[in-house]
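Student:
Protein chains: 2
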Amino acid sequence: MSVTQPKGFRAAGVEAGIRTGERPDLALVVNDGPQHAAAGVFTRNKVKAAPVLWSEQVLATGRLRAVVLNAGNANACTGPEGFQTAHATAEKAAELLECGAVEVAVCSTGLIGSQLPRDNVLGGVAAAHAALGADAAAGLAAATAVLTTDTVPKEAGHADPAGWSIGGFTKGAGMIAPSMATMLTVVTTDAVLDAPALDAALRSAVRVSFDRLDIDGCMSTNDTVLLLASGASGVEPDPEAFTAALRDLCKDLARQMQADAEGVTKRITVRVAGAATEDEAVTVARTVARDSLVKTALFGSDPNWGRIAAAVGYSDAQVDPDRIDVTINGVQLCRGGVAAADRSAADLKGADVLVEIGLGLGDGAAEILTTDLSHGYVEENSAYSS
Amino acid sequence: MSVTQPKGFRAAGVEAGIRTGERPDLALVVNDGPQHAAAGVFTRNKVKAAPVLWSEQVLATGRLRAVVLNAGNANACTGPEGFQTAHATAEKAAELLECGAVEVAVCSTGLIGSQLPRDNVLGGVAAAHAALGADAAAGLAAATAVLTTDTVPKEAGHADPAGWSIGGFTKGAGMIAPSMATMLTVVTTDAVLDAPALDAALRSAVRVSFDRLDIDGCMSTNDTVLLLASGASGVEPDPEAFTAALRDLCKDLARQMQADAEGVTKRITVRVAGAATEDEAVTVARTVARDSLVKTALFGSDPNWGRIAAAVGYSDAQVDPDRIDVTINGVQLCRGGVAAADRSAADLKGADVLVEIGLGLGDGAAEILTTDLSHGYVEENSAYSS
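If you read the protein sequences in the order shown, they are chains V and H.
The first sequence: position 221 = 221 (my numbering), numbered continuously.
The second sequence: position 17 = 17 (my numbering), numbered continuously.
#1: Please name the residue in H:144, H:83 and H:328 whose C-alpha comes closest to that of residue 349 of chain H.
#2: Using a Cβ distance threshold of 8 Å, determine whether the stretch 266–284 of chain V contacts the stretch 363–371 of chain V, with at least three qualifying pairs required.
#3: Give a yes or no on whether the C-beta atoms belonging to residue 173 of chain V and residue 155 of chain V are separated by under 8 Å.
#4: Threshold first: 4 residues or longer. Then list the alpha helix (DSSP H) segments lying entirely within the stretch 253–334 of chain H, N to C.
#5: Would you kindly work out how many angstroms separate the C-alpha atoms of residue 199 of chain V and residue 40 of chain V, rounded to a whole number?
#6: Comparing C-alpha positions only, which one of H:92, H:137, H:235 and H:125 sits nearest to residue 159 of chain H?
#7: Return the residue from the list V:87, V:7 and V:352 that minimises the CA-CA distance to residue 30 of chain V.
#8: What residues in the stretch 274–307 of chain V have a beta carbon less than 9 Å from any beta carbon of chain H?
#9: Pull the bridge partners of residue 189 of chain H from the DSSP assignment, please.
#10: Determine the direct distance from the alpha carbon of residue 64 of chain V to that of residue 325 of chain H, and round the result to whole angstroms.
#11: With a threshold of 7 Å, establish whether the CB of residue 252 of chain V neighbours any heavy atom of the ligand ADP.
#12: Rounded to the nearest angstrom, what separates residue 346 of chain H and residue 264 of chain H at their Cα positions?
#13: Report the partner residues of residue 9 of chain V according to the DSSP bridge assignment.
#14: Rank V:150, V:293 and V:136 by C-alpha distance to the C-alpha of residue 2 of chain V and give the top, closest one.
#15: Taking 8 Å as the cut-off, decide whether the C-beta atoms of residue 58 of chain H and residue 94 of chain H are in contact.
#16: Below 9 Å on C-beta distance, what does residue 373 of chain V contact in chain H?
#17: Looking at the strands, I want to know which residues DSSP matches up with residue 194 of chain H.
#18: Run through chain V and tell me which residues come within less than 7 Å of residue 250 of chain H, C-beta to C-beta.
#19: Would you list the residues sitting across from residue 250 of chain H in a DSSP beta bridge?
#20: According to DSSP, what are the bridge partners of residue 155 of chain H?
#21: Near residue 87 of chain V, which residues of its chain fall below 8 Å by C-beta distance, leaving aside the five closest residues on each side in sequence?
#22: Grouping DSSP H, G and I as helix and E and B as strand, with all else coil, what is residue 95 of chain H?
#23: Drop a sphere of 10 angstroms on the beta-carbon of residue 152 of chain V, count the other beta-carbons inside from all chains shown, and report buried for 16 or more, exposed for fewer.
#24: Hey, is residue 78 of chain V's beta-carbon within less than 8 Å of any beta-carbon in chain H?
#25: Are residue 253 of chain V and residue 185 of chain V close, meaning C-beta to C-beta below 8 Å?
#26: Should residue 369 of chain V be flagged as near chain H, meaning a C-beta pair shorter than 8 Å?
#27: For the beta strand (DSSP E) containing residue 355 of chain V, list its first residue and its last residue.
#28: Determine the burial state of residue 181 of chain V: buried for a count of at least 16 other Cβ atoms within 10 Å of its Cβ, exposed for fewer.
#29: Could you run through the stretch 216–243 of chain H and flag, in chain order, every residue whose CB is less than 8 Å away from some CB of chain V?
#30: Name, going along the chain, the residues of the stretch 319–334 of chain V whose beta-carbon falls closer than 9 Å to a beta-carbon of chain H.
#31: So what does DSSP say about residue 75 of chain V, is it helix, strand or coil?
#32: By alpha-carbon positions, which one of H:233, H:246 and H:382 ends up nearest to residue 201 of chain H?
#33: To which residues does DSSP link residue 368 of chain H through a beta bridge?
#34: What residue range does the alpha helix (DSSP H) around residue 131 of chain H cover?
#35: To the nearest angstrom, report how far apart residue 60 of chain V and residue 90 of chain V are at their CA atoms.
#36: With 16 as the cutoff for other CB atoms within 10 Å, does residue 98 of chain H come out buried or exposed?
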């Protein structure tokens, strides 16, 4: 249930003094091998944080010895000085681990637009290196040190009967949108896999997990998902079994982010079927998931399917207004574009809301996870600089 | 300052019993000629309300004798029965005005997905016809009868020294997004203009006024802007002068909608310059104007330019992260993609916020009007079924 669950990994989380308050804010994850294959997926935002620029470069080698992560400062919009800080961070870890800086990825999350306190970061790397452990407590310490507005650490794991395992943590509570959430995710495995196999599995898993989580439509500058393989189990996994397990683990982590999102009072699944293609199903589901009027209605436990139909109608997908069906928590409220039942028939008192939309056009289906738009979201994001 | 300001128009607003509470909810605007040229622009939502389907059809003739508008029910997602109600509404007005139903446009706003009480609407049309007046009070009564969550009626007028005038009203407070707001707008003029000239002037004006207002990114099923010309002044206006006056009037009405938007505490102008094209400037400005994290930060009077830079970065426009400048209320906080001043230097205590974004790529410029995302917006839209 953590990045230290697979054999060959150590982790640590320490207080480096990057953010105010006595909270851990720097994590280190080390792959002790024997192999060091790795893959990564990054934000598609054109404004990329310095650690993203650094880590994308590093991942070109398909090889990682370690990852340094910090919370409290995104090191984004920080220019050459910010990039030098990311580089210096990797250099420091490399020196301690006796490897090259090019084998160390760096991830940051927090406020955009101010310089990271470099000395604090470098001191934190040294402290984390001294604190490295291979047990579950060490994995949890790392998962805890990267949290920002998250209220709980988010870990997941899978032990395969074939003898290999996967573990991971993630963070992210706001600025969560397509092309990944504002999130940092580290997944480890002791399976024997090379970098191209890891890359293929990771892209396949991210496409239907993190990329289908959309809390507030705001794409971050820092999104990073890293997958590190130590090969320490000595087992070459069945590629399909590995990809399936990785996908399930990423979905598990995505669901944990949904449940801990800023201001969440409803965990909403928007499921679209009958679209012309899967991509169009994603487009419709995402448009509904982002619609402020749908999100505020669900916050108010109001099964306002008319707002859902309106959002379907302005999506960039093919839609026939006379074929739209809307079912909320199992009660069909709209059939063929008109009312099918009194809206009060749908019960939204619980925390989970399933919105099912039928388009009646084809076989395309997809679902997006989102949350409601609540007073808590407004409060957190108007009062907290991040 | 109203639709009755131009010669040749009468208007009325009455209580038809369409919505609960004793409030006027049906308006009638009549063009007494001698000419009856007209133009209209409608929502681009694929889910169009019955009155939009009806009025689009009617406008194909370039001619309108009257417009019936109601609040309290959108007559959207109401199928053939809803369309018959829109048709019957036009028939009723036509009977009273001794014209054809095809000369009467219909507009509705309110809850989506329930049938309009047809008898109440037809009774309301008769009552409004009996109450028609040509004075400012009659124009105000019509402007008042179409309000939903709006708190004030919104009217504008222009008397041209050349002898013609324009007047108009609008409504709209939420579900306000590109391709027009959830809004109904009626503009009248006594200038002598034919339908093609009106159409060209209206499209040109809407493109830079209502289409540049984006309160919550939610495109309505009912958006309608109608322009009616009576020719009663006997004056053929200079086409450019007329278009300019119409554009200014539409901008005035759009600004009134911004100032009265649901939950507004800040009136925000997002102005983009240096984009590759005007369209790309609109794209960037709209992306920033819709970003929930930018909107909540401004609600909190926090000049969080990092969130603005992140939104610029995920817009669908060409962006060079190292050329982005951000200035808030006159204080440059970001230059070339990095901090240029302490954010506290920008004062956001007032109700007006000007966000200026420079992209340094070309001559494309545009601005979008929006508002903050406040507790009031969440409250209104979670508690009110509309």
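Even for Gly, the Cβ is constructed at its ideal location relative to N, Cα and C.
These numbers were taken from a predicted model, which means no experiment stands behind them.
Tutor: Taking the coordinates as given:
#1: Put simply, of H:144, H:83 and H:328 the residue whose alpha carbon is nearest the alpha carbon of residue 349 of chain H is H:328.
#2: Touching, yes, given that three or more Cβ pairs across the two stretches are closer than 8 Å.
#3: no
#4: 278–290, 292–299 and 305–314
#5: Approximately 7 Å, taken between the alpha carbons.
#6: H:235
#7: V:7
#8: 290, 291, 292, 293, 294, 295, 296, 297, 298, 299, 300, 301, 302, 304, 305, 306 and 307
#9: H:166 and H:229
#10: 36 Å
#11: Ligands displayed in this structure: none; no statement on the ligand ADP is therefore possible.
#12: Going from the Cα of residue 346 of chain H to the Cα of residue 264 of chain H covers about 20 Å.
#13: V:31.
#14: Answer by Cα proximity: V:136.
#15: At a Cβ-Cβ threshold of 8 Å, residue 58 of chain H and residue 94 of chain H do not count as neighbours.
#16: Within chain H, the residues near residue 373 of chain V are 292, 373, 377, 378, 381 and 382.
#17: Looking at the DSSP assignment, residue 194 of chain H forms no beta bridge with any residue, so it has no partner.
#18: Correct list: empty, because the minimum Cβ distance to chain V is about 21 Å.
#19: According to DSSP, which records beta bridges pairwise, residue 250 of chain H is partnered with nothing at all.
#20: Bridge partners of residue 155 of chain H: H:169.
#21: 54 and 101
#22: helix
#23: exposed
#24: yes
#25: Yes. Within cutoff.
#26: no
#27: 352–358
#28: With a pLDDT of only 47 at residue 181 of chain V, under 50, the local geometry of the prediction cannot be trusted, and no value is derived from it.
#29: 216, 217, 218, 219, 220 and 221
#30: 319, 320, 321, 322, 324, 333 and 334
#31: coil
#32: H:246
#33: Residue 368 of chain H pairs with H:270.
#34: 118–131
#35: 15 Å
#36: So residue 98 of chain H ends up on the exposed side.
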